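Peer 1:
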């Protein structure tokens, strides 16, 4: 449907005024969610509100506490709901890519890749090999980026404040690479359907080599600080356990699932973008508690470095964008002498390429879990429906179950270990 | 303790055998099998969907519900399609189950009994599309405020909300916006 | 030979009360820890070691609105979050300032749809708008410096 312009007075946003927004659930609904002891006043209902230093964004938790022990934990999400899926219905496939950056904003390139992979699958576009290898390098750097923020904020919540500053310092190196490659520090929109926006600059290998040289020593530093630290282990071992069957039943993916002992990694199970050309291992835990998830993610750093080394060594020369002019814009110099290129350029920029009718689902393994895009094309140049299978949404659901019987301070550790991003949960 | 698993890539089971096997096992319950871009979609009528999902989970080993969502095929009738994206960990296979619903009867049985994570997913579909799930333990809005009117992801709700501001209408838009002054 | 020269040897300066209060308020702002979305990550980067915000007086961010005087709205404000935002703003004691960081807080940004408030100035009065999606940490620092310049010029009667 065409985007209709409406007058400001009729905007549906004005139907709910600020004063009228109802945030709390009704008493009838509450009675079904909390234990009967809350209604007599024996246990306390505490609101861990949307603005809180340890909730990693705007997550609201309704906690039913018996002293310091949690009887029930009810998450209330939606405080960052952005309507990205609705906005994407009004944009062409190329213009919707910046929107995908903003779902899981700590790992922007993996979201780009998931969406572009879905578009390429739907339309049937081949990606050249150099672009695939570069995508792998950028995906692994993005995974390290996401894990660094996870480590920094998780350690900050549990009390190890210096780790936060170290992780941010490391992250600046990766953001320098993002900036050199695409121009923006975070929301790069560099991965486009058909390949990449443009080839990497000449000093890209030096930047990546700096990361590969510096990181192993820094990771050793973090491990010395945290891994065998008795205070860290006191707060994380045995906390927030979830068994393998429960994790599968709740649809958890990523390090949360692997920490419980299930070997599922989309890169190994359904390889995309030539991940099958590289050798790497997948860390799988056993106990399903916060400490095992921490160990899985720390080991994933080392595996990412391994993959980047192999990819940089094997990087082939060649184009980074597909030759199919119906999908990818022609190089600028060609427009000067080829009428066909001019027309292709014109059509791509005014209308965009068309996708056939049908549904596809494409998933990548982002730092948080299986990030999937369900794309429904309707024959026109705009999607009929874009749905993001957000890993944080699924990983957050069993929070109530994981935290039963835990102490109030453990909730902070559990939320940190699930590694949620509210942009992903609420979209 | 964490162990490193570096087994070679499991071969993806051949999806060409899957439609035939499913047709044999569930012949009268599925209306159609669609294969598009190497992905198998079963179109199931609403009455049989819980039976089909239970069979797929227990017998065919599709033990993870990766996603459940809704698509609005507006000018078509039936208008809504509920899609269940399933994954089988032991067999490494993906499958999609689709149920078509009419605009005048947007009701579905809940899949919470089959897959636990359908809880929040169905709340999201109810919130954004208005499909009512019968038997759901806690069907209320999840992403929008509790007293929001309407279901925004339906096609009749326009995508944009504010007029694009150009030089000729900027003053008018500014005059109508409710700026806070204190 | 003015009063300043005579008293200067004793380590005394003369100035107006307005300027002194403005100088003190501007150089010791305590921001509220209010990161919503992607801009919050750039705000965290600005607080970290490469672009250090504590050289401008903002060593720590207070989680409690009662103890802070600057609200940096970093990120997109959804319709569900809007009353929470107003509540937090009302809880902050005077004098208080608001920086709308990023495009979503300034004008709705990329998201022109049902869920996002089109500019946080519909809810709270904003002093400085910082553009960018997300703005670089240097841009945020530029915005904070502009706010400091604005505070230094404020008349004493403003917060009565």
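Residue numbers (the working numbering), protein chains in the order written: chain A, 1 to 427; chain B, 428 to 609; chain C, 610 to 769. We put the beta carbon where it would ideally sit given N, CA and C, even for glycine. Source: prediction; values computed, not measured.
#1: Are any of the Cβ atoms in chain C nearer than 8 angstroms to that of residue 83(A)?
#2: In angstroms, rounded to a whole number, what distance separates the CA positions of residue 654(C) and residue 645(C)?
#3: For a contact defined as C-beta to C-beta under 8 angstroms, what are the partners of residue 87(A) on chain B?
#4: For residue 325(A), tell me which candidate among 270(A), 336(A), 341(A) has the shortest Cα-Cα distance.
#5: When you compare only the Cα positions, how much space is there between residue 706(C) and residue 424(A)?
#6: Indicate whether residue 242(A) and residue 288(A) have their beta-carbon atoms separated by less than 8 angstroms.
#7: Return no unless some Cβ of chain A is closer than 8 angstroms to the Cβ of residue 579(B).
#8: Can you tell me which of the three DSSP states residue 430(B) falls into?
#9: Looking at chain A, is there any beta carbon in it that lies within less than 8 angstroms of the beta carbon of residue 486(B)?
#10: Going by DSSP, which residues form a beta bridge with residue 387(A)?
#11: Return the bridge partner residues of residue 398(A) from the DSSP annotation.
#12: Using Cβ-Cβ distances below 7 angstroms, what residues of the region 294 to 310 of chain A are close to chain B?
#13: Under 8 angstroms between beta-carbons, which chain B residues line up against residue 77(A)? List them in chain order, please.
#14: Locate the beta strand (DSSP E) running through residue 197(A), then write down its first and last residues.
#15: Using 8 angstroms as the limit for Cβ to Cβ distance, is residue 182(A) near chain B?
#16: Please report how far the alpha carbon of residue 758(C) lies from the alpha carbon of residue 635(C), in whole angstroms.
#17: Is the CB-CB distance between residue 452(B) and residue 482(B) below 8 angstroms?
#18: Name the two residues that bound the continuous beta strand (DSSP E) containing residue 720(C).
#19: Taking DSSP as the reference, what is the three-state secondary structure of residue 525(B)?
#20: Out of curiosity, what's the CA-to-CA distance linking residue 664(C) and residue 155(A)?
#21: Does the beta-carbon of residue 203(A) have 16 or more other beta-carbons within 10 angstroms, so that it is buried, or is it exposed?
#22: Check the Cβ of residue 491(B) against every Cβ in chain A and list those closer than 7 angstroms, keeping chain order.
#23: What residues in the region 677 to 709 of chain C have a beta carbon less than 7 angstroms from any beta carbon of chain B?
#24: Does the distance from the C-beta atom of residue 268(A) to that of residue 282(A) stay below 8 angstroms?
#25: Taking the alpha-carbon positions, what's the residue 708(C) to residue 761(C) distance?
#26: With a threshold of 8 angstroms between beta-carbons, can residue 735(C) be considered close to chain A, or not?
#27: Can you tell me whether residue 8(A) is helix, strand or coil according to DSSP?
#28: Return the CA-CA distance between residue 402(A) and residue 240(A), expressed in angstroms with no decimal places.
#29: Flag residue 760(C) as yes if its beta-carbon sits less than 8 angstroms from any beta-carbon of chain A, otherwise no.
#30: Does the beta carbon of residue 323(A) come closer than 8 angstroms to any beta carbon on chain B?
#31: Between the alpha carbons of residue 384(A) and residue 221(A), how many angstroms are there, rounded?
#32: Strictly by DSSP, which residues pair up with residue 559(B)?
#33: Tell me the DSSP secondary structure of residue 420(A) in three-state form.
#34: Rounding to the nearest angstrom, what Cα-Cα distance links residue 496(B) and residue 142(A) in this structure?
#35: Measure the C-alpha to C-alpha separation of residue 631(C) and residue 765(C) and round it to an integer number of angstroms.
#36: Does any C-beta atom of chain C lie closer than 8 angstroms to the C-beta of residue 412(A)?
Peer 2: So, from the data block:
#1: Taking the first residue of the first chain as position 1, residue 83(A) is located at position 83. Chain C, which has a Cβ nearer than 8 angstroms to the Cβ of residue 83(A), makes this yes.
#2: The residue given as residue 654(C) occupies position 45 in the third chain. The residue given as residue 645(C) occupies position 36 in the third chain. Cα-Cα distance, rounded: 14 angstroms.
#3: Within the first chain, the letter at position 87 stands for residue 87(A). Here the neighbours are 586.
#4: On the first chain, residue 325(A) is found 325 positions in, with the first residue counted as 1. Proximity to residue 325(A) across 270(A), 336(A), 341(A) peaks at 341(A), based on C-alpha coordinates.
#5: As a first step, residue 706(C) is located in the third chain; it is residue number 97 there, counting from the start. As a first step, residue 424(A) is located in the first chain; it is residue number 424 there, counting from the start. Taking the straight line from one Cα to the other gives about 30 angstroms.
#6: Position 242 of the first chain, counted from the start, is the residue given in the question as residue 242(A). Position 288 of the first chain, counted from the start, is the residue given in the question as residue 288(A). Going by C-beta atoms, residue 242(A) is nearer than 8 angstroms to residue 288(A).
#7: Position 152 of the second chain, counting from 1, holds the residue named residue 579(B). It does: the Cβ of residue 579(B) has a partner Cβ on chain A nearer than 8 angstroms.
#8: Along the second chain, read from residue 1 onward, the residue named residue 430(B) stands at position 3. Of the three classes helix, strand and coil, the one that applies to residue 430(B) here is strand, per DSSP.
#9: Counting from 1 along the second chain, the entry for residue 486(B) is found at position 59. For residue 486(B), the answer is no, since every Cβ of chain A falls outside 8 angstroms of its Cβ.
#10: In the first chain, counting from the first residue as 1, residue 387(A) sits at position 387. Paired residue(s): 374(A).
#11: By one-based count along the first chain, residue 398(A) stands at place 398. None, per the DSSP bridge assignment.
#12: Answer in chain order: 295, 296, 299.
#13: For the purposes of this step, residue 77(A) is taken as the residue at position 77 of the first chain. Near residue 77(A) (Cβ distances below 8 angstroms), the residues of chain B are 569, 570.
#14: By 1-based counting over the first chain, the position of residue 197(A) is 197. Careful: residue 197(A) lies outside any beta strand (DSSP E) and carries neither H nor E.
#15: By 1-based counting over the first chain, the position of residue 182(A) is 182. It does not; no Cβ of chain B falls within 8 angstroms.
#16: Working through the third chain from its first residue, we reach residue 758(C) at position 149. Working through the third chain from its first residue, we reach residue 635(C) at position 26. If I take the Cα positions, the gap works out to 8 angstroms.
#17: For the purposes of this step, residue 452(B) is identified with residue 25 of the second chain, where counting begins at 1. For the purposes of this step, residue 482(B) is identified with residue 55 of the second chain, where counting begins at 1. Closer than 8 angstroms, so yes.
#18: As a first step, residue 720(C) is located in the third chain; it is residue number 111 there, counting from the start. No beta strand (DSSP E) contains residue 720(C), which DSSP labels as neither H nor E.
#19: For the purposes of this step, residue 525(B) is taken as residue 98 along the second chain, with counting starting at 1. Reduced to three states, the DSSP call for residue 525(B) is strand.
#20: Locating residue 664(C) in the third chain gives position 55, where the first residue counts as 1. Locating residue 155(A) in the first chain gives position 155, where the first residue counts as 1. Each residue's Cα considered, the two are about 24 angstroms apart.
#21: The count along the first chain starts at 1 and reaches residue 203(A) at position 203. Its Cβ having fewer than 16 others within 10 Å, residue 203(A) is exposed.
#22: Stepping through the second chain from its first residue, residue 491(B) is reached at position 64. Correct list: 248, 251.
#23: Flagged, chain order: 688, 689.
#24: Numbered from its first residue, the first chain carries residue 268(A) at position 268. Numbered from its first residue, the first chain carries residue 282(A) at position 282. Contact flag set, yes.
#25: Here residue 708(C) refers to the residue found at position 99 when the third chain is read from its first residue. Here residue 761(C) refers to the residue found at position 152 when the third chain is read from its first residue. Taking the straight line from one Cα to the other gives about 16 angstroms.
#26: Start at 1 with the first residue of the third chain, and residue 735(C) comes out as number 126. No, because no Cβ of chain A sits closer than 8 angstroms to the Cβ of residue 735(C).
#27: Residue mapping note: residue 8(A) aligns to position 8 of the first chain, counting from 1. Because residue 8(A) carries a pLDDT of 39, less than 50, the predicted location of this residue cannot be relied on, and the following value inherits that uncertainty. Of the three classes helix, strand and coil, the one that applies to residue 8(A) here is helix, per DSSP.
#28: Here residue 402(A) refers to the residue found at position 402 of the first chain. Here residue 240(A) refers to the residue found at position 240 of the first chain. Taking the straight line from one Cα to the other gives about 5 angstroms.
#29: Here residue 760(C) refers to the residue found at position 151 when the third chain is read from its first residue. Not an interface residue.
#30: Position 323 of the first chain holds residue 323(A). Under the Cβ criterion of 8 angstroms, residue 323(A) is not counted among the residues facing chain B.
#31: What you label residue 384(A) is simply residue 384 of the first chain in a count that begins at 1. What you label residue 221(A) is simply residue 221 of the first chain in a count that begins at 1. If I take the Cα positions, the gap works out to 49 angstroms.
#32: Position 132 of the second chain, counted from the start, is the residue given in the question as residue 559(B). Under DSSP, residue 559(B) forms a beta bridge with 534(B).
#33: Here residue 420(A) corresponds to residue number 420 of the first chain, with the count starting at 1. It is coil, neither helix nor strand.
#34: Sequence index remark: in the second chain, residue 496(B) carries index 69 (1-based). Sequence index remark: in the first chain, residue 142(A) carries index 142 (1-based). When rounded, the distance between both Cα atoms is 27 angstroms.
#35: Your numbering for residue 631(C) matches position 22 in the third chain. Your numbering for residue 765(C) matches position 156 in the third chain. Computed Cα separation, rounded: 8 angstroms.
#36: In the first chain, the residue the question calls residue 412(A) occupies position 412. Nearest CB-CB separation between residue 412(A) and chain C: not below the 8 angstroms threshold.
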